[in-house]
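Residue numbers (this note's numbering), protein chains in the order written: chain Y, 1 to 684; chain B, 1001 to 1684.
See below:
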């Protein structure tokens, strides 16, 4: 039944050979890799305004300056990442750049930040998508959290089924969004120019400043503007996605990727500037608390503010029942969910790379039935659903946790690139190339400096607002990953073969002990099997909890003529495990070089409830015996008829040699390794 | 840590020899076995009144008649059980009587009813005890459920510690209660006779009849009276306790038990009649819903009615601040909790007997560290706590589920006794004894008829009120116990040794397969151990999920000069378990008479979180392999250094023979069975 359910939800299993990469033309690569940075246009302007209106309407005139700063930053970052694309066409992304140039610890910082940020990409994009759906259909406002978690569940199922990021279907929403927003911007600007400027539904409302945020002067004002700028920087999230995707581009890969990156930057800037301009023109008045809106009266608690993009679209296209409004809202919601989907590609992939490098559990490295990294997908889904639940899918609260990781990774990878160019310059002699390296280094230096500055600003303005949680999460991840790495290192050092010949030498003697509780068929079989293993010494052991039962056992032992000596150990405290452990350890103490083979007769039942009816001491005993050195624990199962149904039928064994044929090292029936590439260190 | 916590709560483990029985004189046996029936005086009168007042105050004149019926019933049941005590001095109780005389299915009906009723004894007694505490300290009213569950938890802990029912401390509350109630009854009656009759606090209130329950005529009136009688029958619960406890009496056991039973009946009747009389004299007006009390006004929702015994005590001793009132309330609460404790003795004991007879899981048959039947105690505690929680510790709601089981068991055991006497009469020739048997049979016939009638009345009047749940629970239990019995029977028939010589014959050949994932020390050790077992054929098997890794393994295999052939099976779907199972089954198909010994190298880690970092496929694989016939599964553990701490140190092995001494069937180091009593069928 669970198997069937899984098949229904996930689909049939896929063979490893079905894994292949499709190379993408630029027109597909742009929407696929850039849906995250482009979609942030949907909320970046809004977050800038929300901070400024804390002080009422009087600081809104800072908006163009802040937008200009964001645009400058975007330009710097895009230029910097074009250098990364050329220098690291393998698509390792920031983690690779930083690990290679600044060392694994710095690389881990980037990895931890990115993992946290992937979670935030899902939560913020989904929450914002839900916001835009609610802007179009306000009746859904009460199902906000449910809808958000539902979208995460749908994305999870889709990705577990192995939906590939190269699917063409994924390109459409991005182009619809770009098209819709550009038409809106152009229409709006034309209306402005011809004197019929659009007017937002909230244009008439005033905003009462938050106590303490009115009439700010000096440092306090600077802080407010910087906070607003920090919020606007969300427009930059996901810019590095193209640099991770270089291998998926058609040749010349780096050039195509760099071109796409530039196009993405240009489109994002145009859209962002356009939406921001229209928000100012149409006088969108948005606040974190509807009750600070003047002119709304008592109904403020039940009033749902529409998103900036919704208000602008309604104003431009003539109201919230126009086709244009619905089109922009639908495209926005779609592209935001799609942006969340990019994290469902990125997170499991990064987790798998980290797992390959032994920083995360091996389970994250394995591909599931549908060749997706199932465990990584599930981990991402769990974390983001929990956050959406905990923060009630509120974009503004969630956004405080965002972009910290993005800028950590920006800054460190720019620094890494500077060191990379330094290295290149040390060996490069061609003057043309040297000149190019010099200019690249200059770009990355500026990039590193600017993004580092923004990182400091973001930290300073957002830390107490919630960013501390992101910092904490990344720190915990970093410490955990180092611990895991250390554990794997210690383990493999401990397990490494040192002296093959000595380790393959068999121990001098095998002393077999068959555990007996009563004399039934499973016990008889265990005795027979134990003897077939030709031990140097064989005895049976029983733990006496009840003297009557032990006497009965002895009687039957003689009656059946069992020619194996039966030892009895008393258990005054009615325990079974401890006396057996003590007995086995005593044998080991007497002859430390021999091995003790413990045979445990077990009967196998078919239903879970049947297990409740039988003593589970065998399972516990086995697990405890494994802790005793020099012991071999053998289960001799007896299958009850009820177990036959539970044993799932399996098909024909594919690669089995008939027993008549000669068997030897040469007759291996393997289909053989098909490629003999570089040997990877083998792991369990 | 969990071990330490257990020691603190439960105490040190006790040796099996510490189990012994103390024989009880009558003066101790009475309070210990009779606390349950005597304590029901605390709620029996109240439940009679609560039903009658559904129709206002006009039906209260039926009370004396109902009380008389209860008293008659009590007399009949006590007389009947005196016969049981003489006929079955072994203390098997109703379950034994009915199983022996009416067959195991009927015995199981009694057992199921009694198990349900033990749970109800705990819930009703605890709920009523809490009620009486609240009557004395009304401020505690809001903690009703918490207090009730708390008392269950305390009783559980005490019983897990192995508090013996023979403890003298347990006798005191019963005598305090008897004394307190008798003094109260005598004082009250004297006050009535001298013309200063006590007046209850609720005497002034009228009661508005429940719509539909006023002016009842004919059948409806009969039903109301019968319902009231059914509720009053709670006075009879626990009467059979003495018949279960016969072996604990001093000699002559049966005579002493019968005398104690008679004394108990007499005391219970006197107390019940006295309390009922005083309740009528002092005009206690009680209702299931305080808002039907007239003269209380708006405050009815917050008004907590005191119990009948509390109102009577307050009226007799001069108010709710008198010493007499507090004394009676304290004694009542104590004896009620003590009555619950008798179920904590009875339930686990009955469960253990049922488990011995293979009707319940074996786990209920084992004594815990403190020689108490820990699993039975925990089961009882869980069920009763759940009921108290679900029914908000409301006595009147809970009482509907009660006494059904009691009367089922009464009726069936009386019928069993009739058949018992019939059997005796068939063989007995002594005229004096025949005469005694005849009169005993007459008593049991009357008893069976009367209790059977009451059972029908209880079923008819209470079924829809909640008794259906008790019937359902008992039915489910009955079906479950039969199913368990059938399962154990089938299993032991399947496992019974048929041909010892043939079953002990070793299989012709052992084909060993060592599972290999990578070549590290655990694998080397598994290979060495497998060779030490001298199999007829030895090979290593690896599942190829990743061609590169398999190639690396092969390379290393040659490099280390491992002289065991390495088979490779491909796993296109990246599974491990299925290819191994298929491989092993294919071997078995080729040579069905040989056994396949599968060796699995495992490494053992010390911390639970380390397990998360390693693939758990070995565990799953082992459990699946056990379903395959003719397979022996051997774990070859490799203890990582971190596991050393987790292996708990154990003391010196107590009964270990030095290896230098001769070993053989004669040298068993057992302390030997100390008694060679009748052989019980041995169970796993």
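No residue lacks a Cβ here, since even glycine has one placed at the ideal position from N, Cα and C.
- At a C-beta separation below 9 Å, residue 507/Y has these neighbours in chain B: 1528, 1529 and 1532.
- Closest option to residue 1119/B, judged by alpha-carbon separation, among 1157/B, 1193/B, 1311/B and 1406/B: 1406/B.
- For residue 352/Y, no CB of chain B lies under 7 Å from its own CB, so it is not counted at the interface with that chain.
- Rounded to whole angstroms, the separation of the alpha carbons of residue 1043/B and residue 1273/B is 13 Å.
- Exclusion of the five residues before and after residue 292/Y leaves 207 and 208 as the residues of its chain whose Cβ lies within less than 6 Å of its Cβ.
- Within chain B, the residues 1487 have their CB atoms less than 7 Å from the CB of residue 610/Y, given in chain order.
- Judged by DSSP secondary structure, residue 234/Y falls outside any alpha helix (DSSP H); it is assigned neither H nor E.
- Chain Y places no beta carbon closer than 7 Å to that of residue 1592/B, leaving this residue out of the contacts.
- Burial of residue 1096/B is indicated by the presence of at least 16 other C-beta atoms within 10 angstroms of its C-beta.
- For the pair residue 456/Y and residue 231/Y, the CB atoms are not nearer than the 7 Å cut-off.
- Considering only 1545/B, 1584/B and 1575/B, the residue with the shortest C-alpha distance to residue 1539/B is 1584/B.
- Per DSSP, residue 1064/B lies in no beta strand (DSSP E); the unbroken alpha helix (DSSP H) holding it starts and ends at 1063-1087.
- With its beta carbon less than 7 Å from one in chain B, residue 632/Y belongs to the interface.
- Here DSSP, grouped into helix, strand and coil, assigns residue 507/Y to coil.
- Counting other Cβ atoms within 10 Å of its Cβ, residue 1233/B reaches 16 or more and is therefore classed as buried.
- Between residue 1306/B and residue 1135/B, the C-beta gap is smaller than 7 Å, which places the two residues in contact.
- Here residue 1193/B is exposed, its C-beta having fewer than 16 other C-beta atoms within 10 Å.
- With its beta carbon less than 7 Å from one in chain B, residue 494/Y belongs to the interface.
- A direct Cα-to-Cα measurement between residue 589/Y and residue 1548/B gives close to 43 Å.
- For the pair residue 237/Y and residue 45/Y, the CB atoms are not nearer than the 7 Å cut-off.
- Fewer than three Cβ pairs drawn from the segment 455-473 of chain Y and the segment 1485-1496 of chain B lie within less than 8 Å of each other, which leaves the two stretches out of contact.
- For residue 1597/B, the three-state secondary structure derived from DSSP is strand.
- Between residue 1352/B and residue 1240/B, the C-beta gap is not smaller than 7 Å, which leaves the two residues out of contact.
- Residue 1210/B and residue 1487/B have their C-alpha atoms roughly 52 Å apart.
- Its Cα nearest to that of residue 1071/B, the residue 1037/B stands out among 1061/B, 1037/B, 1526/B and 1361/B.
- When the beta-carbon positions are compared, residue 1571/B and residue 1579/B come within less than 7 Å of each other.
- Between residue 1246/B and residue 1085/B, the C-beta gap is smaller than 7 Å, which places the two residues in contact.
- Taking C-alpha positions only, residue 1596/B is separated from residue 1630/B by approximately 6 Å.
- Going by beta carbons, residue 1603/B and residue 1557/B fall outside the 7 Å limit.
- With distances taken between CA atoms, residue 1064/B lies nearest to 1048/B out of 1505/B, 1048/B, 1290/B and 1076/B.
- Of the candidates 1365/B, 1624/B and 1186/B, 1365/B places its Cα closest to the Cα of residue 1355/B.
- The segment 1331-1340 of chain B makes contact with the segment 1123-1133 of chain B: 3 or more CB pairs, one atom from each, lie closer than 8 Å.
- Between residue 529/Y and residue 636/Y, the C-beta gap is smaller than 7 Å, which places the two residues in contact.
- In the structure shown, residue 1305/B adopts coil according to DSSP, grouped into three states.
- Contact of residue 299/Y with chain B is not assigned, every C-beta pair being separated by 7 Å or more.
- When the Cα atoms are used, residue 1288/B and residue 1054/B turn out to be separated by approximately 8 Å.
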